[in-house]
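Number of protein chains: 2
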Amino acid sequence: MSVLADKLSLLGPPVLVREQAFEQVRDAILAGTLAPGTRLIERELCLALGISRASVREMIRRLEAERLIRVEGRKSPVVSTLTRKQAAEIYEVRALFESLLIRRFTDIASDAEIAELRTIFEAVREAATKNSINEIVALMRRLNEHLVHVVDHELIEDLLGQLNARINWLRVKAMTQPGRLETSISELSAILEAIEQRDAERAALAMAQSSANARNAALEQLLMEGSGERQPKKMRSI
Amino acid sequence: MSVLADKLSLLGPPVLVREQAFEQVRDAILAGTLAPGTRLIERELCLALGISRASVREMIRRLEAERLIRVEGRKSPVVSTLTRKQAAEIYEVRALFESLLIRRFTDIASDAEIAELRTIFEAVREAATKNSINEIVALMRRLNEHLVHVVDHELIEDLLGQLNARINWLRVKAMTQPGRLETSISELSAILEAIEQRDAERAALAMAQSSANARNAALEQLLMEGSGERQPKKMRSI
DNA sequence: TGTTGCCTTCTTGTCTGACAATATGATAGC
DNA sequence: GCTATCATATTGTCAGACAAGAAGGCAACA
């Protein structure tokens, strides 16, 4: 029986309509397809996703709770915009978490787990030479997952996930700044080295440095983007 | 016009059914009226709150996103229980945030704002002599609000709020341990002193110490409670 | 031109009722 | 005591309805 259950569970948890819809819209927001400021109109979402208003509304509540959209009064939900201050705060808290993760990883990871980290890092470096942003983003995610998995901190995993979702768009944009990628990678390299030498303090410090730079790049990016359009936009597609 | 808007806004944001319901249920969870493990049955919530299933379900999505309830598969939502590990993680992250808050408060608060902090603290001490838990909890909240307001960190305010909601019940329980309150207050006193001397580092350290103690008390509490009942319970009332 | 007020239309907030699919709980059989 | 089976309870999803508030356009007016 358990074997059968296992096989069936490969299909994943039962696909709820609202879950799928949530993921679709979330991904569209993360990718920037649904740009910050876009109005999300229930009826249009129903059409676009082929689901009922009830399900759309449940999904909206969740997007709202995760701060991916903002809802006020009886107005249409709007894809969240980021003020400079908000972005800075997110990067600051993210830095706290990542420093903690790195420090703990350095303390407790097995040699094999550190080796795995380097493997992923080398893949990032490889992808960077090809300037394949999508690949890099995916690898960065794997890198984070590995860290979180080893450190085994559910809460930070959760919160970091939420924070990253909110700045995903910004991060990707910032990554395209000339020289940014190279800097980022050399920083990562320094972190990795410190980890391999089991120097948690240095690793955490290097991480903090890297975070600060990422924040600066992101804020710079916001300055360039942010001055423009601030009016609500119409939703186009998902 | 803005004056008028201000006056009218005293009426608060339009009272949405789902919002009120959310607050009612959340408060019931925070207070322990809805104990961890309790099944939340839609129809019963409808009856208890006098609202429709649609609204109940939207509220449930939000409670779920804030981790106050857990929903899996097609089963009834259940008021979240805390494992030891989860509680420890929450206290750990909370400590990070509060240290940061205290450090920054010490750096930037005006003398008047520090004085206000002491005023609140003295009120806490006063309430403590009367052993009036409710009053203490309310004052502690005010204390936190003051900190967050001065430091002006929206994100930490938000996250801290969520984390505190998840452990509220545990905190209150732990506070009743013999001697716990006194310890807690003398720790607070030390923090306040450091703040008044504008010694951010010492203040943050004292805060960290206080957090660690709070965590230990809470985990101890969990040991005592936690061993018992773990089966889902029926919902009683709100 | 720019503003004000009104009217139409769009959109959200909420309720009701329905139905299939799954979970739960009780009952009977071993 | 344990397991299989069935009736009931509960969730997931949809469709449709209606009131109340928001958005946008248009005309009158200063």
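Protein sequences appear in the order of chains A and B. When we follow this note's numbering, the leftmost residue of the first sequence carries the number 278, and every step to the right adds one. When we follow this note's numbering, the leftmost residue of the second sequence carries the number 278, and every step to the right adds one. No residue lacks a Cβ here, since even glycine has one placed at the ideal position from N, Cα and C.
Item, Value
"Measuring straight from C-alpha to C-alpha, what distance separates R419/B and A298/A?", "39 angstroms"
"Which of the residues in the region 412–428 of chain A, read from start to end, lie with their CB under 9 angstroms from any CB of chain B?", "none"
"What are the residues of the region 438–464 of chain B that lie near chain A, defined by any Cβ-Cβ distance shorter than 7 angstroms?", "none"
"On a CA-only basis, which of L424/A, Y368/A, A305/A and E399/A is nearest L378/A? Give me that one, please.", "L424/A"
"Name the chain B residues whose beta carbon is nearer than 8 angstroms to that of E366/A?", "H430, E431, L432 and I433"
"With a 10 Å radius around its C-beta and 16 neighbouring C-beta atoms as the bar for buried, classify M417/A as buried or exposed.", "buried"
"Give the straight-line distance between the Cα atoms of T315/B and G327/B, rounded to the nearest whole angstrom.", "20 angstroms"
"Under 8 angstroms between C-beta atoms, does R351/B make it to chain A?", "yes"
"Roughly how many angstroms separate the alpha carbons of A495/A and S488/A, rounded to a whole number?", "10 angstroms"
"Under a Cβ-count criterion, where at least 16 other Cβ atoms within 10 Å of its own Cβ denotes burial, should H426/A be classed as buried or exposed?", "exposed"
"Just to make sure I have the definition right: I need the residues of chain B whose C-beta is within less than 9 angstroms of the C-beta of E343/A. Which are they?", "A342"
"Pop quiz: A480/B and R380/B are said to be a contact at Cβ under 8 angstroms. What is the actual Cβ separation, rounded to whole angstroms?", "7 angstroms"
"Helix, strand or coil, according to DSSP, for V294/B in the structure here?", "helix"
"So which of L432/B, L499/B and E473/B has the shortest CA-CA distance to Q454/B?", "L499/B"
"With which residues is I346/A paired in a DSSP beta bridge?", "V356/A"
"Could you give the distance in angstroms between the alpha-carbon of E422/B and the alpha-carbon of L307/B?", "18 angstroms"
"List the residues of chain B whose Cβ lies closer than 8 angstroms to the Cβ of P291/A, in chain order.", "G350 and R351"
"Could you give the distance in angstroms between the alpha-carbon of I337/A and the alpha-carbon of R330/B?", "16 angstroms"
"If the cut is a Cβ gap below 9 angstroms, which residues of chain A does Q363/B touch?", "E431 and L432"
"Nearest chain B C-beta to V370/A closer than 8 angstroms, yes or no?", "yes"
"With burial defined as no fewer than 16 other Cβ atoms inside 10 Å of the residue's Cβ, what is the status of N493/A: buried or exposed?", "exposed"
"With C-beta atoms as the reference, is I462/B less than 8 angstroms away from R402/B?", "yes"
"In the structure shown, what three-state DSSP assignment does H430/A receive?", "coil"
"At which residues does the alpha helix (DSSP H) containing D388/B begin and terminate?", "D388 to T406"
"Buried or exposed: A282/A, going by 16 or more other Cβ atoms within 10 Å of its Cβ?", "Legend: pLDDT at A282/A = 40, less than 50; position of this residue unreliable, value from coordinates given subsequently. With fewer than 16 Cβ atoms within 10 Å of its Cβ, A282/A is classed as exposed."
"Does DSSP put I337/A in a helix, in a strand, or in coil?", "helix"
"Against A331/B, what residues of chain A qualify as contacts under a CB-to-CB distance less than 8 angstroms, listed in chain order?", "A331 and R334"
"Among residues of its own chain, excluding the 5 on either side of A386/A, which ones have a beta-carbon nearer than 7 angstroms to its beta-carbon?", "V427"
"Residues of chain B with CB closer than 7 angstroms to the CB of L326/A, please, in chain order.", "What L326/A touches in chain B: nothing, since even the nearest Cβ is about 16 angstroms away."
"Does R338/A come within less than 8 angstroms of chain B when only Cβ atoms are used?", "yes"
"Cα separation between L317/A and R339/A?", "14 angstroms"
"Buried or exposed for A483/A, going by 16 or more other Cβ atoms inside 10 Å?", "buried"
"Can you find the residues in the same chain that come closer than 7 angstroms, C-beta to C-beta, to E393/A, ignoring five residues on each side of it along the sequence?", "H423"
"So that I know if they touch, is there some Cβ in chain A lying closer than 8 angstroms to that of L436/B?", "yes"
"Taking only three categories from DSSP, how would you classify D476/B?", "coil"
"Of all the residues that make up the region 474–490 of chain B, which are near chain A by a beta-carbon distance shorter than 7 angstroms?", "none"
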